[in-house]
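Residue numbers (my numbering), protein chains in the order written: chain A, 10 to 109; chain B, 14 to 664.
The beta carbon of each residue, even a glycine, is placed where N, CA and C say it ideally should be.
Bear in mind that the values here come from a model prediction, so they are computed numbers and not experimental data.
Shown next, in structure tokens, is the structure this report addresses.
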Amino acid sequence: MVPISYFVVLSALLFGLGVVGFLFRRNIITMFMSIELMLNAVNLAFVAFSRAFDQLQGQVFVFFVIVVAAAEAAVGLAIVILIARNRQTLNVERVNLLKL
Amino acid sequence: MFLLEHLWIIPALPLLGAALNGIVLRRQAHAVVNTVALGSTALAFASALELFREFSALAPTSIPWGENFFPWIWAGDFRADYALQVDQLTMVMLLVVTGVGFLIHIYSTGYMEHDGGYGRFFCYLNLFMFFMLTLVLAANYVLLFVGWEGVGLCSYLLVGFWFHKKSATDAGNKAFWVNRVGDFGFLLGMFMIFRNFGSLDFARVLPAAAGAPADPAGHFGTFTWIALALMTGACGKSAQLPLYVWLPDAMEGPTPVSALIHAATMVTAGVYVVARSHIIFLHSPIAMAVVGVIGCVTALFAATIALVQTDIKKVLAYSTVSQLGYMFLACGAGAFSAGIFHLMTHAFFKALLFLAAGSVIHAMGGEQDMRKMGGLRKQIPWTYWTMLIATLAIAGVPGFSGFFSKDAILSAAFLSPYGGKILWAIGAVTVLLTAFYMFRLIFLTFFGKAEYDEHQIHVHESPNNMLVPLVILAVLSVIGGWQAAPALWGGENHFEHYLAPVFADAASAMEPSTSAMNAHSIEQQLTLVALILAALGFFIAWWLCIKNPKLRDTLAETFSTPYRILVGKYFVDELYAGAIVRPLLWSSTNVLWHGVDEGLIDGTVNGVAHLTGETGDRVRHVESGNTRSYASWMVLGAVVFTSLLLWLAVH
Numbered sequence: 010m011v012p013i014s015y016f017v018v019l020s021a022l023l024f025g026l027g028v029v030g031f032l033f034r035r036n037i038i039t040m041f042m043s044i045e046l047m048l049n050a051v052n053l054a055f056v057a058f059s060r061a062f063d064q065l066q067g068q069v070f071v072f073f074v075i076v077v078a079a080a081e082a083a084v085g086l087a088i089v090i091l092i093a094r095n096r097q098t099l100n101v102e103r104v105n106l107l108k109l
Numbered sequence: 014m015f016l017l018e019h020l021w022i023i024p025a026l027p028l029l030g031a032a033l034n035g036i037v038l039r040r041q042a043h044a045v046v047n048t049v050a051l052g053s054t055a056l057a058f059a060s061a062l063e064l065f066r067e068f069s070a071l072a073p074t075s076i077p078w079g080e081n082f083f084p085w086i087w088a089g090d091f092r093a094d095y096a097l098q099v100d101q102l103t104m105v106m107l108l109v110v111t112g113v114g115f116l117i118h119i120y121s122t123g124y125m126e127h128d129g130g131y132g133r134f135f136c137y138l139n140l141f142m143f144f145m146l147t148l149v150l151a152a153n154y155v156l157l158f159v160g161w162e163g164v165g166l167c168s169y170l171l172v173g174f175w176f177h178k179k180s181a182t183d184a185g186n187k188a189f190w191v192n193r194v195g196d197f198g199f200l201l202g203m204f205m206i207f208r209n210f211g212s213l214d215f216a217r218v219l220p221a222a223a224g225a226p227a228d229p230a231g232h233f234g235t236f237t238w239i240a241l242a243l244m245t246g247a248c249g250k251s252a253q254l255p256l257y258v259w260l261p262d263a264m265e266g267p268t269p270v271s272a273l274i275h276a277a278t279m280v281t282a283g284v285y286v287v288a289r290s291h292i293i294f295l296h297s298p299i300a301m302a303v304v305g306v307i308g309c310v311t312a313l314f315a316a317t318i319a320l321v322q323t324d325i326k327k328v329l330a331y332s333t334v335s336q337l338g339y340m341f342l343a344c345g346a347g348a349f350s351a352g353i354f355h356l357m358t359h360a361f362f363k364a365l366l367f368l369a370a371g372s373v374i375h376a377m378g379g380e381q382d383m384r385k386m387g388g389l390r391k392q393i394p395w396t397y398w399t400m401l402i403a404t405l406a407i408a409g410v411p412g413f414s415g416f417f418s419k420d421a422i423l424s425a426a427f428l429s430p431y432g433g434k435i436l437w438a439i440g441a442v443t444v445l446l447t448a449f450y451m452f453r454l455i456f457l458t459f460f461g462k463a464e465y466d467e468h469q470i471h472v473h474e475s476p477n478n479m480l481v482p483l484v485i486l487a488v489l490s491v492i493g494g495w496q497a498a499p500a501l502w503g504g505e506n507h508f509e510h511y512l513a514p515v516f517a518d519a520a521s522a523m524e525p526s527t528s529a530m531n532a533h534s535i536e537q538q539l540t541l542v543a544l545i546l547a548a549l550g551f552f553i554a555w556w557l558c559i560k561n562p563k564l565r566d567t568l569a570e571t572f573s574t575p576y577r578i579l580v581g582k583y584f585v586d587e588l589y590a591g592a593i594v595r596p597l598l599w600s601s602t603n604v605l606w607h608g609v610d611e612g613l614i615d616g617t618v619n620g621v622a623h624l625t626g627e628t629g630d631r632v633r634h635v636e637s638g639n640t641r642s643y644a645s646w647m648v649l650g651a652v653v654f655t656s657l658l659l660w661l662a663v664h
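In structure tokens, the structure reads:
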């Protein structure tokens with residue numbers, strides 16, 4: 010059996026990639042995908058721990074996360090489409106009406 | 014019995030008049046104002062007379078007669094009710110206040126006729142009557158204090174009646190501030206009375222005080238402190254040293270005000286309080302001595318200033334201070350009834366003097382400087398004769414009211430165990446000075462040649478509504494002292510006898526040191542000395558003002574230093590300005606205003622506001638509106654929390 014540490018490290022790497030992508034990319038779609046990456050990194054950790062400790066709660070959590078992520082994707086993509094329509098851009102730096 | 018049971022009616026009448034004239038009937042015709050103001054005062058006077066009739070029928074055991082109308086301040090053990098009381102002392106004060114007050118109201122209808130503030134004037138005047146009647150009818154110190162402050166307020170309003178004149182508003186302020194100093198003492202006195210007797214009702218405090226042991230001579234005990242505190246209040250209200258400075262300035266007000274408030278009634282409130290609290294004073298030899306000395310020194314001090322004043326009203330003002338000094342001298346000598354007697358006769362003749370002076374000023378078209386008058390006796394004979402009668406009364410000419418009251422005071426000062434030969438001597442010298450400055454006033458104003466431009470000023474006698482009060486007061490100035498006349502030939506002083514129940518304690522404390530027969534012969538000699546001194550004063554005035562007017566200037570030059578000191582009124586105002594007013598103003602401005610108020614209080618409030626604003630201004634840059642910066646903060650926060658959790662897990 011693959012040791013738990015492999016999964017955790019992979020999960021951390023994926024999460025880190027997601028964070029970096031979220032912080033450093035300017036395209037909203039890319040940032041959106043980075044968020045999905047972070048969510049799935051967490052999911053991976055959940056599943057891994059679930060299996061390691063032989064408990065189901067982790068897997069139940071994963072289903073919740075998938076549902077929330079789906080809902081988020083629906084709303085989020087709708088917002089992205091609206092921004093794209095209104096601004097003709099997907100650059101997040103330009104979406105700054107709240108700035109002082 | 015109706016009025017005895019409804020005592021509140023007497024003060025309520027002028028209050029109603031003031032309310033009608035001040036609130037409902039504003040800017041009405043003079044006839045309306047007159048009806049309300051004079052009607053309410055006349056009714057008050059009539060009520061006082063009716064009350065006197067009912068009161069005379071009362072059994073001596075039910076005097077003082079008190080009525081408690083409603084509870085006013087109840088807090089813990091403290092109780093002060095709206096309660097009024099009548100005894101002989103109150104009765105005298107009531108009749109004087111309503112009677113003289115009514116006459117002055119009549120006079121004012123003539124004097125103020127062309128003034129724009131006619132209704133306002135009578136509103137204040139009626140309000141004053143209300144507070145003065147509250148003062149004399151009050152059955153406890155708290156209600157008395159309400160009247161006391163109320164008359165002070167009306168005095169302020171009426172001194173500054175012509176408020177477009179800076180000097181008038183300044184004088185009003187001065188009267189108010191100086192009285193605050195005295196009132197502070199009065200309040201302290203009330204606190205001490207409550208602390209020692211558990212009540213402020215006369216009916217409880219005074220008998221309790223009478224039963225308590227007196228302070229031993231030379232010892233500052235409870236009674237001494239209470240009496241000195243009350244005396245401080247009396248000094249303020251009754252213009253005694255060292256708080257007399259407001260009264261001469263108060264002459265800025267209309268002349269009827271000077272007559273009513275600053276001569277006949279309000280300024281005698283201090284004497285009334287001392288007489289009302291006489292048991293407390295009698296229980297403290299120190300306080301009695303202080304009252305006597307203050308009165309005596311004030312009498313002399315003010316009389317010397319009056320010698321050289323040239324403003325006709327200023328002479329009368331200093332004369333008032335001086336005569337009030339006599340009243341305190343009487344109280345200090347334990348002759349409270351003599352003090353009240355002088356209060357009454359003084360109310361007659363000094364009100365008359367002021368009203369007559371007002372008539373002179375009216376005739377001269379507003380001129381108050383006696384040096385610019387002269388020879389007026391032919392043009393304004395009524396004013397001249399009435400003023401002459403008042404002058405004879407104040408100078409103490411036999412047969413006139415002032416003679417009897419002043420005589421009673423001087424003999425009490427000489428014979429009483431509280432008095433002394435020095436007090437008497439100062440009082441006697443003041444008799445000479447009084448005669449001098451009063452006849453100087455008469456001679457400068459009514460005799461000699463006219464010193465004014467006869468083409469410019471058309472001297473005219475005052476209208477009848479001003480002359481009638483003068484004549485009535487002149488009659489009172491003559492006969493007002495006759496109740497005491499039998500005492501001269503060994504009979505009974507009826508006035509003293511009338512007040513005897515009130516001052517019973519004083520009488521027992523005043524066992525004459527010499528036998529009655531001996532005392533009587535001494536009294537006659539004292540009267541003779543006072544008469545000679547008064548005649549001397551008259552003669553000097555005649556010599557300097559009629560016979561040899563040039564001598565006055567020569568004297569002024571020869572004794573230039575004392576003369577300048579007198580003209581400068583001993584520079585007391587300047588002294589107070591330098592020693593008290595200016596340091597107070599400086600510290601108020603620089604310490605309290607700029608330092609405490611602006612620096613500390615404003616500084617704290619503004620500082621907190623500034624700090625909040627400044628912090629917000631710095632911190633708001635966190636809210637950049639940039640999505641990526643928010644994300645960075647979130648990540649940073651997550652990292653911090655994770656690190657914290659890890660750190661905690663490790664330790």
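- Apart from sequence neighbours up to five positions away, the residues of its chain that approach tyrosine 397/B with a beta-carbon distance below 6 angstroms are Arg390, Phe459, ordered along the chain.
- For the segment 626-654 of chain B, residues whose beta-carbon sits nearer than 9 angstroms to a beta-carbon of chain A comprise Arg633, His634, Glu636, Ser637, Gly638, Asn639, Thr640, Arg641, Ala644, Ser645, Val648, Ala651.
- Residues of the segment 90-105 of chain A with a Cβ closer than 7 angstroms to any Cβ of chain B, in chain order: Val101, Val104, Asn105.
- Proximity of the segment 271-283 of chain B to the segment 300-317 of chain B falls short of the contact definition, fewer than three beta-carbon pairs being nearer than 8 angstroms.
- Threonine 625/B sits exposed, since fewer than 16 C-beta atoms from the chains shown fall within 10 Å of its C-beta.
- Scanning the segment 333-376 of chain B from its first residue to its last, no whole beta strand (DSSP E) run of 3-plus residues comes out.
- In the three-state scheme derived from DSSP, where H, G and I count as helix and E and B as strand, glycine 581/B is classed as coil.
- Assigned with DSSP and collapsed to three states, valine 321/B falls in coil, not helix or strand.
- For aspartate 262/B, the enclosing alpha helix (DSSP H) begins and ends at 259-262.
- Only exposed fits tryptophan 646/B, as fewer than 16 other CB atoms lie within 10 angstroms of its CB.
- Judged by DSSP secondary structure, glycine 616/B falls within the alpha helix (DSSP H) whose first and last residues are 616-632.
- DSSP, reduced to helix, strand and coil, places glutamine 68/A within a helical segment of the structure shown.
- At least one CB of chain B lies nearer than 9 angstroms to the CB of leucine 32/A.
- Aspartate 382/B is bridged by DSSP to Asp324/B.
- By the Cβ rule, the segment 115-124 of chain B counts as touching the segment 132-142 of chain B, because three or more pairs are nearer than 8 angstroms.
- Near chain B, meaning a CB-to-CB distance below 7 angstroms, the residues of the segment 20-45 of chain A are Val28, Phe31, Leu32.
- Taking all protein chains in view, the Cβ of tryptophan 437/B is crowded by 16 or more other Cβ atoms within 10 Å, so the residue is classified as buried.
- By the C-beta density criterion, valine 444/B is buried, having at least 16 other C-beta atoms within 10 angstroms.
- Annotation for alanine 61/B: Leu107, Leu108, Thr111 place their beta carbon closer than 6 angstroms to its own, counting only its chain and skipping 5 residues before and after.
- Contact between leucine 366/B and leucine 329/B holds, with the beta-carbon distance rounding to 5 angstroms and staying under 8 angstroms.
- Taking proline 514/B as reference, the option from Pro73/B, Asn561/B, Leu51/B, Asn531/B with the minimal CA-CA separation is Pro73/B.
- For arginine 35/A, there is no enclosing beta strand (DSSP E), since its DSSP letter is neither H nor E.
- With respect to phenylalanine 233/B, alanine 227/B sits apart: the two C-beta atoms are not nearer than 9 angstroms.
- Contact between the segment 245-252 of chain B and the segment 193-200 of chain B is established, with three or more Cβ pairs separated by less than 8 angstroms.
- Taking one beta carbon from each stretch, the segment 461-477 of chain B and the segment 576-588 of chain B have fewer than 3 pairs nearer than 8 angstroms; the two do not touch.
- At a Cβ-Cβ threshold of 9 angstroms, isoleucine 293/B and isoleucine 206/B count as neighbours.
- In the three-state DSSP reduction, tryptophan 87/B falls in the strand class (E or B).
- Shown here, glycine 132/B sits in a helix according to DSSP, grouped into three states.
- Looking at the backbone, the Cα of threonine 628/B and that of tyrosine 643/B are separated by about 20 angstroms.
- Out of Trp238/B, Lys327/B, Leu17/B, the CA that lies nearest to the CA of valine 580/B is found in Lys327/B.
- Note that the segment 409-426 of chain B does not touch the segment 311-328 of chain B; fewer than 3 beta-carbon pairs, one per stretch, sit closer than 8 angstroms.
- Valine 542/B is not bridged by DSSP to any residue.
- Valine 652/B and isoleucine 90/A have their C-alpha atoms some 32 angstroms from each other.
- Taking all protein chains shown into account, isoleucine 36/B has fewer than 16 neighbouring C-beta atoms within 10 Å of its C-beta and is therefore exposed.
- The segment 210-228 of chain B and the segment 146-158 of chain B touch, with no fewer than 3 CB-CB distances between them shorter than 8 angstroms.
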